[in-house]
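Undergrad: Dropping a structure here in structure tokens format, bear with me for questions.
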Amino acid sequence: MKKLLLGLCLALSGIQISFAQSPADQEIIKLSKDKWQWMANKNVGTLDSLFHENSMFVHMGGSWGKQRELGVIKSGGIWYKKADIHEVSVNIIDNTAILLNRIDLLAVVGGNEVTNPFIVTEVYVKQKGTWKLGSLSFTKLLTPGN
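FYI, in mature numbering (1 follows the signal peptide of the UniProt record, and there is no 0) the residues of the sequence shown are -20 to -1, 1 to 126.
Here is the structure:
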């Protein structure tokens, strides 16, 4: 019985360890969280440094590149007021990080305040020791909490 209990405890502690985030995962999660705040603050200077020159952005109304995204943020065409992040996962493959966020996004679009549930896919590429956002893609969920 003691051996069984000890084995169960070791197995459970191993499971907890497997869910631990690596320093690189933590770095990407923090960068993503900071990005949401920079977008809310319309901090296009910082975002310009973060976004890769060839980055792509996919929204419910279309897709476009870096300069248009920065223009949309600066003009308030889309004001990302607040992203409530519910779940985050990160997969790193060589110099590429794929982050998935499940969020509720409060935004002003075309002068109307809206809240939508999304899965957001962010792809980061590490170049010369710095992570750059290569893609940001919004997938609207049919119902909140899914």
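Beta carbons are placed, not taken as given, at the ideal position from N, Cα and C, and that holds for glycine.
Helix, strand or coil for G114 per DSSP?
TA: Reduced to three states, the DSSP call for G114 is strand.
Undergrad: What did DSSP end up calling K120 once you bin it into helix, strand or coil?
TA: Here K120 sits in strand by DSSP.
Undergrad: What residue does the alpha helix (DSSP H) around K54 start on, and which one ends it?
TA: Unbroken alpha helix (DSSP H) run through K54: 46 to 55.
Undergrad: Identify the continuous beta strand (DSSP E) that holds D84 and give its terminal residues.
TA: 76 to 89 is the span of the beta strand (DSSP E), which, as asked, contains D84.
Undergrad: DSSP on G25, reduced to helix/strand/coil?
TA: Three-state DSSP puts G25 in a helix.
Undergrad: Name the two residues that bound the continuous alpha helix (DSSP H) containing Q107.
TA: Per DSSP, Q107 belongs to no alpha helix (DSSP H); it is in the beta strand (DSSP E), 92 to 107.
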